[in-house]
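Working notes, beginning with the structure itself.
Protein chains: 2
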Amino acid sequence: MTTIADIARLAGVAKSTVSRYLNGGSVGEQTMRKIERVIGETGYSPNTFAQSLKAKKTNIIGTVVPRLDSYATSKTLIGIDEKLRELNYQMFVSNTSQDLDREIESLYSLAKQKVAGIILLATKVTERHLETIQEIGIPVLLVGQQHEQIYSLIHDDFEAGKAIGRFMAKKGHKQIAYLGVSEEDIAVGVKRKQGFAGAIKEAEEVKVRYYETSFKIGDALEKVPSILEEFRPTAIVCATDNIAIGALKAAYSKGLKIPEDLSITGFGGYEITEMLNPGLTTVQFFYKEAGGMAADKIVQLVNEEEIQMLSVSDFKIIERESVDILS
Amino acid sequence: MTTIADIARLAGVAKSTVSRYLNGGSVGEQTMRKIERVIGETGYSPNTFAQSLKAKKTNIIGTVVPRLDSYATSKTLIGIDEKLRELNYQMFVSNTSQDLDREIESLYSLAKQKVAGIILLATKVTERHLETIQEIGIPVLLVGQQHEQIYSLIHDDFEAGKAIGRFMAKKGHKQIAYLGVSEEDIAVGVKRKQGFAGAIKEAEEVKVRYYETSFKIGDALEKVPSILEEFRPTAIVCATDNIAIGALKAAYSKGLKIPEDLSITGFGGYEITEMLNPGLTTVQFFYKEAGGMAADKIVQLVNEEEIQMLSVSDFKIIERESVDILS
DNA sequence: CTGAAAGCGCTTACAG
DNA sequence: CTGAAAGCGCTTACAG
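Residue numbers (the numbering used here), protein chains in the order written: chain A, 1 to 327; chain B, 1001 to 1327.
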């Protein structure tokens, strides 16, 4: 391994001069060329650890994710990764396997590794999060959830919920089951539902019942039959595509035809939803783009630029074949 | 930030003694207790960069992946991550977006960051890979592909192909289309096909035609109709679950009933395959477990323990409803 | 513009 | 068992 001292010796200058050259300081024309040549010949590249030891900061952005095997997470990570590369930062991902303690741990551990900033894909923000973020003193950007005290980037869950509510009303559905998730998750559990509820209130004579399940396909699969029997809805609006997939499977199992006997919608826009039979009507979020935005924002924060506390990523309804027209 | 010097001062000993204590060297009973207490009080934790600067090695295992949004990758990463945590190592993932140059780059860059070892989820091993691995002089474990010169961990693609071939023959299928991928991918493109072909040769009077598509669902979707028309198979054996999903959708679109009009199988065992209608019969691989194995192996390699050049992860046929019984 | 020197926080022979 | 000292590879005032 060649070091800065080697380069200095070979170029006949001082180490400090090489360092200055490397860091864009003022160096004479001649000196510059000599150093350039030597570096080229040796293929020198600085030791990151030595740099970090002095600099107290790296060009690494830590990304904390609750899980690795989710469509939303994967796409968001890709967006972050690609944008960060462009900006000459590296992404370090820390997986917490949906364990809140590990989320806090990760925050500390990333801080210790002197990451320049942290992107947090949280499902929930607790008092401990707030304290930790405060304590580590590193820029943190929340993605997917929002909190007034933390820079946040969210999908427009509320408006998305509203849009799908209006959509269903317009299709003439008067008896709709909304299958959501726990209100602990503000974005998915509360905002989507509220948006939906708002749209329904505007509509006339639409009866809605709200149900709750988990994020797991299997749980939706088990839940849906009882909803069908008890409420006999013409449509089920599901809070995620995975829930919708479970609902679809449940409907098949009961011998129902989609959308003739039952309409189903989701949220997310996972690629797989297009390949189902019938194709699922859903609200698409732009995870990859949001990841890119997040990368931009965190780097701005690292550079101490001013940004808004809240950024919102867009959505779009994708109309496919899983919703029947009743009106 | 408290440093080792602070601890030394507070405990009234030399820095070297503290360092020795930290690294499990021999320290007197009394000294030990003093240092212990001070560290406890200050919440000291060593600076990783300073450690790495000397140590020339970290406790980080780099994992190079071609993409982040694939079922197999996600599950494998989870397996690696969890096992590595147990072993007190950290996982650093480097995404290459299926760019071969970036794969090589990543190898160098990880080496520069002094990772202890590298797990490489490759789709292909080239001469450049070999050179790079040679050059960086860090233990590398190949996962998903095998190469005689590199420690490898593979899924049993050959036997899996054989198993599904026998399975289909036993169900009485005599006219089977095999929809594979490019032979550039030895594991998926060659081994699965060879295994399958071997099984068919054992069987009697089974006609097979081999087709090729990409890993994309959409490409399979486009490819399948022509296969159906040209060959009129009773079954399509697809080299991945995603291809099978595309085939399923194509079949729907042509108004075919599955499995009555056409049987379909995949490889992978993605969770989603259970939720399709009908549920997809497929060969399941154990990605997460394989990830755990990979983590074990690479750590053994890092510790200079002897391991076999090749490890093989198991598979299992999951029989669901997408295959008809003709015999 | 350039160089000598100190220092970042650790580890590791070496001597006692 | 313990400590003083040198060194890992870089950066950063400071002086010239």
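Just so you know, even glycine gets a beta-carbon here, dropped at the ideal spot from N, CA and C.
Proximal chain A residues relative to residue i, where beta-carbon distance stays under 8 Å
i                : result
T1240 of chain B : What T1240 of chain B touches in chain A: nothing, since even the nearest Cβ is about 13 Å away.
Contacts that residue i makes with chain B (C-beta to C-beta distance below 7 Å)
i               : result
K75 of chain A  : D1069
Y178 of chain A : Near Y178 of chain A there are no residues of chain B at all, since even the closest Cβ is about 21 Å away, more than 7 Å.
Where the beta strand (DSSP E) through residue i begins and ends
i                : result
G62 of chain A   : 60-65
E202 of chain A  : Segment 192-202 is the alpha helix (DSSP H) holding E202 of chain A; no beta strand (DSSP E) there.
F1267 of chain B : 1263-1268
H155 of chain A  : 151-155
T1213 of chain B : 1207-1213
Q1146 of chain B : From DSSP, Q1146 of chain B is part of no beta strand (DSSP E); its letter is neither H nor E.
V93 of chain A   : 90-95
Short CB-CB distance (under 8 Å) between residue i and chain A
i                : result
S1327 of chain B : no
F1049 of chain B : yes
N1303 of chain B : no
S1152 of chain B : no
F1267 of chain B : no
D1157 of chain B : no
D1081 of chain B : yes
Short CB-CB distance (under 8 Å) between residue i and chain B
i               : result
G62 of chain A  : no
F285 of chain A : no
V93 of chain A  : yes
Interface partners of residue i on chain B, CB under 8 Å
i               : result
M293 of chain A : Ordered by position in chain B, no residue passes the 8 Å Cβ test against M293 of chain A, which lies about 17 Å from the chain.
G246 of chain A : M1275
L53 of chain A  : N1047, F1049, A1050, L1053
Y21 of chain A  : Near Y21 of chain A there are no residues of chain B at all, since even the closest Cβ is about 20 Å away, more than 8 Å.
Residue span of the alpha helix (DSSP H) that contains residue i, given as start and end
i                : result
F330 of chain A  : There is simply no residue 330 of chain A to check, as chain A begins at 1 and stops at 327 in what is shown.
L10 of chain A   : 4-11
I317 of chain A  : I317 of chain A -> not in any alpha helix (DSSP H); beta strand (DSSP E) instead, spanning 315-318.
F1231 of chain B : 1217-1231
D1069 of chain B : Taken as a continuous stretch (DSSP letters only), D1069 of chain B belongs to no alpha helix (DSSP H), as it is neither H nor E.
V125 of chain A  : Note, V125 of chain A: premise wrong, no alpha helix (DSSP H); not H, not E.
A1295 of chain B : 1287-1302
Y1021 of chain B : 1015-1022
Q30 of chain A   : 29-42
T1273 of chain B : 1272-1275
K1112 of chain B : 1100-1112
Contact list for residue i against chain A, beta-carbon separation under 7 Å
i                : result
N1088 of chain B : Going along chain A, no residue has its Cβ under 7 Å from N1088 of chain B, so there is no contact; the nearest lies around 13 Å.
K1112 of chain B : S45, T48
Neighbour list for residue i in chain B, Cβ cutoff strictly below 9 Å
i               : result
K249 of chain A : E1274, M1275, L1276, N1277, G1279
Closer than 9 Å at the beta carbon, the chain A residues around residue i
i                : result
D1261 of chain B : Ordered by position in chain A, no residue passes the 9 Å Cβ test against D1261 of chain B, which lies about 14 Å from the chain.
I1078 of chain B : R67, L68, D69, N95, S97
Beta bridge counterpart(s) of residue i as assigned by DSSP
i                : result
Y1178 of chain B : B:Y1210, B:V1237
T281 of chain A  : A:T265
G117 of chain A  : A:I61
L1310 of chain B : B:S1152
Proximity test, residue i beta-carbon vs the ligand PLP heavy atom, cut-off 7 Å
i                : result
L1010 of chain B : Absence of the ligand PLP from the depicted structure is noted, as is the absence of any ligand whatsoever, leaving it without description.
Taking a Cβ distance cut-off of 8 Å, strictly less, list which residues of the segment 194-218 of chain A are near chain B, in chain order.
-> I217
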